[in-house]
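A quick write-up on the structure given underneath.
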Amino acid sequence: MIFFLYFEMRILPPKPASWPAWKKGAIYLQYFLYPIVGLVLSVLPAFEAHTRLLFGRYLEYRVTEKV
Numbered sequence: 004m005i006f007f008l009y010f011e012m013r014i015l016p017p018k019p020a021s022w023p024a025w026k027k028g029a030i031y032l033q034y035f036l037y038p039i040v041g042l043v044l045s046v047l048p049a050f051e052a053h054t055r056l057l058f059g060r061y062l063e064y065r066v067t068e069k070v
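Reminder that position 9 of the sequence shown reads as 12 in our numbering, one-by-one numbering, no gaps.
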């Protein structure tokens with residue numbers, strides 16, 4: 004994480020001076036939120052699938068007839 008922050012500060016152009024401090028801080032905060040958001044977004048589909056199995060609500064596919 005620190006590795007990516009370091010290279011972002013070195014490679015990207017400086018932030019505009021007109022930006023408030025909270026906006027500059029939010030940009031760096033997003034790097035620490037990436038793993039959390041990634042974990043949540045990858046766990047939610049699995050959680051939904053296990054919940055379906057638990058309650059016996061299986062996925063149903065409707066096959067259309069060929070003409």
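For every residue, glycine included, the Cβ atom is placed at its ideal position computed from N, Cα and C. What you are looking at is a predicted structure, and each value in this text was computed from that prediction instead of being measured.
Can you give me the C-alpha to C-alpha distance between V66 and A52, rounded to a whole angstrom?
If I take the Cα positions, the gap works out to 21 Å.
Ordered along the chain, which non-local residues of its own chain (more than five positions away) have a Cβ less than 7 Å from that of Y34?
Once the five neighbours on either side are set aside, the close Cβ partners of Y34 are M4, F7 and L8.
What does the alpha-carbon distance come out to for the pair A49 and V40?
15 Å
State the Cα-Cα distance for the pair Y36 and I30, rounded to the nearest angstrom.
Residue identity differs from the one stated: residue 36 is Leu in this sequence, not Tyr. Looking at the two C-alpha atoms, the distance is approximately 10 Å.
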